[in-house]
Amino acid sequence: MQASANHLQAKKYLADIDKLTYEQLADAMTYKWFRLNTIYHIKNKQGKKVLFVPNKEQEGFYCGQHNRDIILKARQLGFTTFKMISDLDDCLFIENFSAGCICHNMDSAKDIFRNKIKFAYNNITDDQRELIKEIGYTLPTPKSDKGNAYVFDNG
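Heads up, the sequence shown is in this note's numbering, so the first residue is 950 and it goes up one at a time.
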């Protein structure tokens, strides 16, 4: 796993998260890896809300990804969850970013949207939204929510 300087800085911030000053926290929020580890919640296998913390396979993928990734189906490594949270983060923090998910059937696509993407977005806390706003970002809001897709107001 080859880590970028940004990834390493984000990991340093994560290691000292309880000791960060406001300025450090604001800087940390500019790093995608930090956001992936701190602001998104998912449902675990028991259906309980938990903070999303990428596993080592997901981290390895993150460090080596590019724009033409192919993920061979690996069971129970959480790549669907990781990719959906990662793409949600890009949709929120990169203007005019678009993402999609192709599934083997519509019911699975709707389930992924409802239980991964929509759940993660809806569980960003008000405190987190306020901090994000204070550091100069405005989280986009869905301007269209047809039940199985979001279109955000940032493009």
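Yeah, the Cβ is synthetic: ideal placement off N, Cα and C, and Gly gets one too. Model, not experiment: these values are computed from the prediction.
Note that the segment 960-970 does not touch the segment 1047-1060; fewer than 3 beta-carbon pairs, one per stretch, sit closer than 8 Å. CA-CA distance, Asp1018 to Ile1081, rounds to 29 Å. The Cβ atoms of Lys1059 and Asn1097 sit closer than 8 Å to each other.
Per DSSP, the beta-bridge partners of Phe1101 are Pro1091. A distance below 7 Å between beta-carbons, with the five flanking residues on each side excluded, links Asp976 to no residue of its chain. In the displayed model, Ile1066 falls within a helix according to three-state DSSP. Contact between Ala1069 and Tyr989 is confirmed by a C-beta separation of about 4 Å, below the 8 Å threshold.
Its chain contains Asn1004, Glu1006, Gln1007 as the residues whose beta carbon lies nearer than 8 Å to that of Leu1026, once the 5 sequence neighbours on both sides are disregarded; these appear in chain order. Excluding five sequence positions before and after Phe1042, the CB atoms of its chain that fall closer than 8 Å to its own CB belong to Lys981, Arg984, Tyr1086, given in chain order. For Lys998, the enclosing beta strand (DSSP E) starts and ends at 998-1000. If the five residues before and after Tyr1099 are omitted, its C-beta is found closer than 6 Å to the C-beta atoms of Pro1091, all from its own chain and listed in chain order. Collapsing the DSSP output to three states places Ile1034 in a helix. Secondary structure in the segment 966-1019: the alpha helix (DSSP H) runs of 4 residues or longer, each lying completely within the stretch, are 971-977, 981-987, 1005-1013 in chain order. In the DSSP annotation of this structure, Gln1025 is not part of any alpha helix (DSSP H), being labelled neither H nor E.
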